[in-house]
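Structure, as C-alpha cells:
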Amino acid sequence: MKNLTTAALGPVTKAEFKRAIHMLEIETDDDDLIDGLIASATAVVDTATAHPMVAADFEFDVPVGCWRRWWFPVRPVNSVSKVEWQDADGVWQGAGPGAAQLLRPHDEPQLVVPADLAASLRTAQAVRVTANAGGAPTQQHRQAVIMMVKEWRDAGIALDGVVPAELSFPIRALIKQVRYRRPEVVC
C-alpha cells in the first residue's frame, strides 16, 4: 500500500494537543517538535488501526490469481479510481470506469470484479488498484494520537537519550477498539 497524497492537515492540530495537555498556546518553544510527534503518532495509529485518519489516494498491490472478490486492507474506502494489470508483455492495461464494484465501503470494503475482468487478472504479471481511503477519525483515534505525543514528549524531556518504552496500555486499548482486520484477502 502506497500513499499517493500528501495530507495538508492531520486529524489532531498542535492547538488541540496543547489544549488537551493544558499547555498554553502561546508557548511555542516545542512547536516544531510537537508537529513532528503528531505526524509520527498519526502514522503509527493509522498503521495500527488500518484506518487512515485523513482521506488520501492509495495504490494497493493486489494478489494475482483466480479471484473475483478482494478485501481492502484498510477502511473506509471512499472510491475506486483505477484497476490495472500488467500483461505478459509488461504493458499496464486498465479496466474501464465502473468495471469493478466497491461493496461495503465503510465497514468491510471489498472490490468485486466481473468474470471477464477476472480472466484478465488471472493471467496478469501484477495487479494494482488505486482508491481513495480513510477519513472520519473516531474519538479513540484522536485520543490515541494525543496520548502518544504526550508520552513521547514527556519521555524526551525527562529521559534525555533514553528510548521511550512501548505503547502504554491505554493507547493499546484505544487502538484495539478501532482496529480493522479484514476477514479474507481474496475469494
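Quick note on my numbering: the sequence shown kicks off at 769 and runs consecutively.
Don't be surprised by glycine CBs; every beta carbon is placed ideally from N, CA and C.
For Glu827, no alpha helix (DSSP H) encloses it; the enclosing beta strand (DSSP E) starts and ends at Ala824 to Val830. Cβ-Cβ distances below 8 Å link Glu827 to Met769, Lys770, Leu772, Arg896, Val897 and Thr898 in the same chain, with the five nearest sequence neighbours on each side left out; the list follows chain order. For Val946, the uninterrupted alpha helix (DSSP H) segment begins and ends at Phe937 to Val946. Residue range Asp799 to Thr817 is occupied by the alpha helix (DSSP H) that includes Val813, with no beta strand (DSSP E) assigned at that position. Taking a 10 Å sphere around the C-beta of Arg843, we find 16 or more other C-beta atoms and assign the residue as buried.
Closest option to Thr906, judged by alpha-carbon separation, among Lys944, Ala883, Val881 and Asp922: Lys944. Looking at Glu952, Met791, Val913 and Lys786, the one whose alpha-carbon comes closest to that of Pro820 is Val913. Residues of the same chain with a CB within less than 8 Å of the CB of Asp798, apart from the 5 flanking positions on each side, are Arg921 in chain order. For Glu784, there is no enclosing beta strand (DSSP E); the enclosing alpha helix (DSSP H) covers residues Lys782 to Ala788.
For Leu871, the enclosing beta strand (DSSP E) covers residues Gln869 to Leu871. For the options Ser847, Cys955, Val780 and Phe937, the alpha carbon positioned closest to that of Ala886 is the one of Cys955. A contact is defined here as three or more CB-CB pairs under 8 Å, and the segment 832-851 meets this definition with respect to the segment 865-875. Out of Asp803, Cys834, Glu784 and Val813, the CA that lies nearest to the CA of Ala892 is found in Cys834. Gln861 sits in a strand when the DSSP states are folded into three classes.
In the DSSP secondary-structure assignment, Thr898 is bridged to Glu827 and Lys850.
Between Ala867 and Arg836, the C-beta spacing is not below 9 Å.
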